[in-house]
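The numbers in full-length UniProt numbering rise by one with no breaks, and the one at position 3 of the sequence shown is 3. A virtual CB, placed ideally from N, CA and C, is assigned to each residue, including glycine. This structure is a prediction, so every number in the text was calculated from the model and none was measured.
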Amino acid sequence: MPEVQPIHIIAEAGTNHNGKLVKAKSLVDIAKRAGADSVKFQIIYPWGLYLPGEYEYGHYDIKEVIRIREEGMLKDEEYEELAAYCQDQGVAMSASVFDERGLDLLMQFDPSYIKTASCDLNNLRFLRQVAERGKKMVVSTGMSTLTDIEKTLRELEKVGPLDLVLLHCVSVYPAKLEQTNLQFIETLKNNFGYPVGFSDHTGDSLAACMALAKGATWFEKHYTEDRTQAGFDHAYAMEEDGLGRYVADLHEAQSALADVADKLTEAELYTRKRARRSIYAARDLKSGELVADKDLLVVRPEGILDADQIDLVAGSRLVRDVKQYQALSLEDVRRE
1 MPEVQPIHII
11 AEAGTNHNGK
21 LVKAKSLVDI
31 AKRAGADSVK
41 FQIIYPWGLY
51 LPGEYEYGHY
61 DIKEVIRIRE
71 EGMLKDEEYE
81 ELAAYCQDQG
91 VAMSASVFDE
101 RGLDLLMQFD
111 PSYIKTASCD
121 LNNLRFLRQV
131 AERGKKMVVS
141 TGMSTLTDIE
151 KTLRELEKVG
161 PLDLVLLHCV
171 SVYPAKLEQT
181 NLQFIETLKN
191 NFGYPVGFSD
201 HTGDSLAACM
211 ALAKGATWFE
221 KHYTEDRTQA
231 GFDHAYAMEE
241 DGLGRYVADL
251 HEAQSALADV
261 ADKLTEAELY
271 TRKRARRSIY
281 AARDLKSGEL
291 VADKDLLVVR
301 PEGILDADQI
311 DLVAGSRLVR
321 DVKQYQALSL
331 EDVRRE
């Protein structure tokens, strides 16, 4: 079987550790058991993300948002311990970063990629800082138009050649299948030529498998120990069983999309042997008889002559006796 395009599944732990190192390690364990390719956290320093003071913040109380963020932080030294734990467990770790302090911390752990969130797609000063680190960038594109994305890429390309993945993202939490706009994956591929992925906020693996068929090769999925916990991302995240199914479904879908050189596998040939029709004698036939259409059965199982060879037999003359229900061959007849 020809090699298929490899995929990378990010188990998005985010801040679902709720500020507890033991929970963060448990999330690493879940990602490993699920078979994800990497685990990703979110390194958020609230004052590097939010404006101080009181102001309107959608349906949220901004003071409560910042309080939850502060209580949900891991200390820098805890991230160091977490990175060491990931290395011991053989799990690749990275993070979404939101300011230069978080970027500096993440770089201490030599991640294989740096993730930037959709909110920073137009944060050119920060994105340039990320690009200058020379790591693979995984860039979410939620809340952005094609023009927004093009502008950002053109600016980043001024830094130098990019090792970059664009994640198609619809910033709705959770997102319904009909909201995922998966056709945009092809638009991103065709317009920019970078590898494309899918940041998935739906409730199962269906959208991801569809995205795979559209050409996505990177996938990001939020998960948690327990969806009933307090916090921003638990309610729409997958628990362990769901994440395991998600990873398995994507790999099975990947196998189904493989370009098989010979379409007919052994399994399908086995089915064909009993399910395909062939040509049989409807009655005892004598040598010298002219074979009429009514003298032939085109039925299962597969025999000697395929059904599409009927015109080579009907109207021919037998050169030997043939018993009823015997499979006919071209050696039994001659055309006149």
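Rounded to the nearest angstrom, what separates Glu12 and Ile304 at their Cα positions? If you number the sequence shown from 1, residue 12 lands on position 12. If you number the sequence shown from 1, residue 304 lands on position 304. Cα to Cα, the separation comes out at about 57 Å.
Tell me, please, whether the segment 169 to 180 touches the segment 192 to 207 by the rule of three or more beta-carbon pairs shorter than 8 Å. The segment 169 to 180, when compared against the segment 192 to 207, does touch it at the 8 Å Cβ threshold.
With Cys86 as the anchor, note down where its alpha helix (DSSP H) starts and where it stops. On the sequence shown, residue 86 is found 86 positions in, with the first residue counted as 1. Here the alpha helix (DSSP H) through Cys86 covers Asp76 to Gln89.
If you check the beta carbons only, do Ser144 and Leu166 fall under 8 Å apart? For the purposes of this step, residue 144 is identified with residue 144 of the sequence shown, where counting begins at 1. For the purposes of this step, residue 166 is identified with residue 166 of the sequence shown, where counting begins at 1. Not closer than 8 Å, so no.
Check this for me: beta carbons of Val170 and Gly142, under 8 Å apart or not? Numbered from its first residue, the sequence shown carries residue 170 at position 170. Numbered from its first residue, the sequence shown carries residue 142 at position 142. Yes, they are a contact pair.
Could you have a look at Ile7 and say whether DSSP puts it in helix, strand or coil? The residue labelled residue 7 in the question sits at position 7 within the sequence shown. Ile7 carries a coil assignment under DSSP once its states are collapsed to helix, strand and coil.
Touching or not, the segment 46 to 60 and the segment 256 to 273, by the rule of three or more beta carbon pairs under 8 Å? The segment 46 to 60 is not in contact with the segment 256 to 273.
Contact between the segment 85 to 95 and the segment 56 to 65 is defined here as three or more beta-carbon pairs at a separation below 8 Å; is this criterion met? In short, these stretches do not touch, since the Cβ pair count stays below three.
Apply the 10 Å Cβ neighbour rule to Pro161 and answer buried if 16 or more other Cβ atoms are within range, or exposed otherwise. In the sequence shown, the residue the question calls residue 161 occupies position 161. Counting Cβ neighbours within 10 Å, Pro161 comes out exposed, since fewer than 16 surround it.
Is the distance from the Cβ of Asn16 to the Cβ of Asp308 below 8 Å? The residue given as residue 16 occupies position 16 in the sequence shown. The residue given as residue 308 occupies position 308 in the sequence shown. Not closer than 8 Å, so no.
Stretch pair the segment 100 to 114 + the segment 19 to 28: three plus CB contacts closer than 8 Å: They do not touch, by the three-pair rule.
On the DSSP letters alone, give me the boundaries of the beta strand (DSSP E) that Ser278 sits inside. Within the sequence shown, numbered from 1, the residue matching residue 278 stands at position 278. Counting along the chain, the beta strand (DSSP E) containing Ser278 begins and ends at Ser278 to Ala281.
Would you kindly work out how many angstroms separate the C-alpha atoms of Asp295 and Ala282, rounded to a whole number? Reading the sequence shown from its first residue, position 295 is the one you call residue 295. Reading the sequence shown from its first residue, position 282 is the one you call residue 282. Taking the straight line joining both Cα atoms gives about 5 Å.
Grab me the residues of Glu239's own chain with a C-beta within less than 8 Å of its C-beta, minus the 5 sequence neighbours each way, in chain order. Sequence index remark: in the sequence shown, residue 239 carries index 239 (1-based). Contacts found: Tyr223, Thr224, Glu225, Asp226 and Arg227.
For Glu155, collect the residues of the same chain with a Cβ closer than 8 Å to its Cβ; drop the 5 residues on either side in sequence, then sort them by chain order. Residue 155 sits at position 155 when you count from the first residue of the sequence shown. The answer, listed in chain order, is Leu124, Leu127 and Arg128.
Three-state class that DSSP yields for Ala327 in the structure shown: Numbered from 1 along the sequence shown, position 327 holds the residue referred to as residue 327. Ala327: strand per DSSP, three-state reduction.
Ala36 and Leu74 - do their beta-carbons sit closer together than 8 Å? The residue labelled residue 74 in the question sits at position 74 within the sequence shown. The residue labelled residue 36 in the question sits at position 36 within the sequence shown. No, the pair does not count as a contact, with Cβ atoms beyond the cut-off.
So the candidates are Pro6, Ala34, Asp332 and Tyr194; which of them puts its Cα closest to the Cα of Gly242? The residue labelled residue 242 in the question sits at position 242 within the sequence shown. Nearest option by C-alpha distance: Ala34.
Cβ pair residue 344, Phe198 closer than 8 Å: No information on residue 344 is available, as it lies outside the stretch 1 to 336 that the chain covers here.
Where does Gly72 land, buried or exposed, given buried means 16+ other C-beta within 10 angstroms? The residue you call residue 72 lines up with position 72 of the sequence shown. Sixteen is the threshold: when 16 or more other Cβ atoms of the shown chains lie within 10 Å of the Cβ of Gly72, as they do, the residue is buried.
Within 10 angstroms of its Cβ, does Tyr270 collect 16 or more other Cβ (buried), or is it exposed? For this step, residue 270 is matched to residue 270 along the sequence shown. With fewer than 16 other CB atoms across the displayed protein chains lying within 10 angstroms of its CB, Tyr270 is exposed.
For Met137 versus Asp104, is the C-beta spacing smaller than 8 Å? By one-based count along the sequence shown, residue 137 stands at place 137. By one-based count along the sequence shown, residue 104 stands at place 104. Not closer than 8 Å, so no.
In terms of residues, what are the limits of the alpha helix (DSSP H) holding Val22? Residue 22 sits at position 22 when you count from the first residue of the sequence shown. Unbroken alpha helix (DSSP H) run through Val22: Leu21 to Ala34.
Extent of the continuous beta strand (DSSP E) to which Val39 belongs: Residue 39 sits at position 39 when you count from the first residue of the sequence shown. Run containing Val39: Ser38 to Ile43, per the beta strand (DSSP E) assignment.
What residues in its chain sit with their C-beta under 8 Å from that of Gly19, if we drop five residues either side in the sequence? Locating residue 19 in the sequence shown gives position 19, where the first residue counts as 1. Excluding residues within five positions, the ones whose Cβ falls inside 8 Å are Glu71, Gly72, Met73 and Leu74.
Status (buried if at least 16 other CB within 10 Å, exposed otherwise) for Tyr55: The count along the sequence shown starts at 1 and reaches residue 55 at position 55. Exposed is the call here.
Compute the Euclidean distance between the alpha carbons of Arg277 and Ala327, then round it to the nearest angstrom. For the purposes of this step, residue 277 is taken as residue 277 along the sequence shown, with counting starting at 1. For the purposes of this step, residue 327 is taken as residue 327 along the sequence shown, with counting starting at 1. About 11 Å.
Beta carbon of Thr116 nearer than 8 Å to that of Ser140: Position 116 of the sequence shown holds residue 116. Position 140 of the sequence shown holds residue 140. Yes; because the gap between Cβ atoms is below 8 Å, this pair is in contact.
Three-way DSSP call (helix, strand, coil) for Met73 in this model: In the sequence shown, the residue the question calls residue 73 occupies position 73. Assignment of Met73 by DSSP, reduced to helix, strand and coil, places it in the coil class.
Is Lys107 helix, strand or coil when you go by DSSP? To locate residue 107, count along the sequence shown from 1; it is residue 107. First, the residue type needs correcting, since residue 107 is Met and not Lys in the sequence shown. DSSP, reduced to helix, strand and coil, places Met107 within a helical segment of the structure shown.
For Thr147 and Ala131, I'd like the C-alpha separation in whole angstroms. Here residue 147 is taken as the residue at index 147 of the sequence shown, counted from 1. Here residue 131 is taken as the residue at index 131 of the sequence shown, counted from 1. So the two alpha carbons sit approximately 20 Å from each other.
Who does Gly197 pair with in a DSSP beta bridge? Within the sequence shown, the letter at position 197 stands for residue 197. Leu167 and Trp218.
Alpha-carbon to alpha-carbon, Asn190 and Phe41: Translated into the one-based positions of the sequence shown, residue 41 becomes position 41. Translated into the one-based positions of the sequence shown, residue 190 becomes position 190. Spanning the two alpha carbons is a distance of roughly 30 Å.
For the beta strand (DSSP E) containing Val138, name the first residue and the last one. The residue labelled residue 138 in the question sits at position 138 within the sequence shown. Its beta strand (DSSP E) spans residues Lys136 to Ser140.
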